[in-house]
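Notes for the one structure printed next.
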Amino acid sequence: MLPKTACRTQCRAAAVAPGSQCDVLATFDHLPLLNKRILITAPRQYASKLTPLLVDAGARPTWVPGVAISRLSEQQHWQQLDHSLQQLESYSHLAFTSKNGILAVLERLAALHGGPEEAVQYVQQSGIKLCALGADGQVLRDAGLQVHVSPKEASTKGLAAELAATGQAAGAHILCPVPHVAGGLVEPPIVPRFMDALAAAGADAVRVPAYLTSLGLPGPECCAKEAALLQQGYFDAIAFSSTAEAQGLCLLMGGKEAVVSAVQQHCTVLAAHGPYTAAGAGDVLGLPVPIVSRNFSTFNGLVAALADALH
334 MLPKTACRTQ CRAAAVAPGS QCDVLATFDH LPLLNKRILI TAPRQYASKL TPLLVDAGAR
394 PTWVPGVAIS RLSEQQHWQQ LDHSLQQLES YSHLAFTSKN GILAVLERLA ALHGGPEEAV
454 QYVQQSGIKL CALGADGQVL RDAGLQVHVS PKEASTKGLA AELAATGQAA GAHILCPVPH
514 VAGGLVEPPI VPRFMDALAA AGADAVRVPA YLTSLGLPGP ECCAKEAALL QQGYFDAIAF
574 SSTAEAQGLC LLMGGKEAVV SAVQQHCTVL AAHGPYTAAG AGDVLGLPVP IVSRNFSTFN
634 GLVAALADAL H
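Counting from 1 along the sequence shown, just add 333 to a position and that's the residue number in this note's numbering.
Written as structure tokens, this is what we have:
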């Protein structure tokens, strides 16, 4: 078994505060995640945001994408999305559940209307209200669009509650661009629960596939070395940013039993970006997820939670 730290140093107890970075000139003993080996399973689009924050805190992350995010691959799904986007004026709200959904919709609107500026103009003229979670809304603002609903809790549950509390749900016609889950993965309950919550609040909510979520790598052979490291106890923690990533990790690393056995044998700690991901990943693995970001509007919250627990 490989040692968990090559040179163990006393790390400062303070975690990385949300929205901040570690001191660029800090000495090693002041880095809250110094030499902590963290397996991250986020797709490329999110791993590229999380990894620098972990490195900045002194961690040594390893990336094995449990899921991949890409454009829709089947014509029927493209047609569903195009049909919905061509009649935005018939909806009262456009409710995004992820940054990927925003990017996919903006890209498709630009293709349908002749360019980004024309797409923005079409959305503005449609009169539809845009809903986004946390920092995701900045993508819309950068495109020149207004975010009308941004819940205090950056989650689908928070969004449904915000729409209900402000009286915007009852009688509303809401378009929800969501992922199409494929490649051996099972759709996590997040989106179905969101749709149910909107319906319970009196909304007529319509889901439409906007992008594809599939297995992060072609097969287990692509991460055989990392799977061996997991079995040897190399990692201090595994960090999930979505429930589907836990499914993908099991498919890529020898199955649920192999992953669970390694985690239990070596006391590898599980971490999650927010309580809903923690609950979902815990259900997939049948294990507790003790490290949970309290602020999950950005990945700073996850890094802070890891630093708090592992320093």
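Just so it is clear, CB atoms sit at the ideal spot from N, CA and C, and this is done for glycine as well. None of these values were measured; they are calculated from a predicted model.
Is the Cβ-Cβ distance between cysteine 556 and valine 400 less than 8 angstroms? no
8 angstroms contact criterion, which alanine 476 and alanine 502 should meet: CB distance rounded: At roughly 25 angstroms, the Cβ-Cβ gap does not stay under 8 angstroms, so alanine 476 and alanine 502 are not in contact.
Residue environment, glutamine 412, which counts as buried when at least 16 other CB atoms sit within 10 Å: exposed
Local conformation of threonine 384 per DSSP, three classes: helix
Helix, strand or coil, according to DSSP, for tyrosine 544 in the structure here? strand
According to DSSP, simplified to helix, strand and coil, what is proline 351? With a pLDDT of only 38 at proline 351, under the threshold of 50, the placement of this residue in the model should not be trusted; the figure read from the coordinates follows. DSSP places proline 351 in coil when its eight states are reduced to three.
Same chain only: Cβ atoms within 6 angstroms of valine 524, ignoring 5 sequence neighbours per side: Val511
Thinking C-beta only, is lysine 462 closer than 8 angstroms to serine 425? yes
Proximity winner among Leu618, Gly619, Pro621, Ala637, relative to arginine 627 (alpha-carbon distances): Ala637
Spell out the partners DSSP gives tryptophan 411 in its beta bridges. DSSP lists no partner for tryptophan 411.
Could you check the C-alpha separation between glutamate 559 and phenylalanine 632 for me, to the nearest Å? 23 angstroms
Between which residues of its own chain and histidine 506 is the CB-CB distance below 6 angstroms, once the five residues before and five after are set aside? Tyr424, Ser425, Asp537
Which residues does DSSP list as the beta-bridge partners of lysine 462? His426
6 angstroms CB neighbourhood of leucine 562 in its chain, flanking five on each side removed: none
According to DSSP, is histidine 506 helix, strand or coil? strand
Pull up the distance between the alpha-carbon of asparagine 368 and that of asparagine 433, whole angstroms please. 31 angstroms
Starting from the Cα of phenylalanine 629, find the closest Cα among Ala468, Gln580, Gly517 and give me that residue. Ala468
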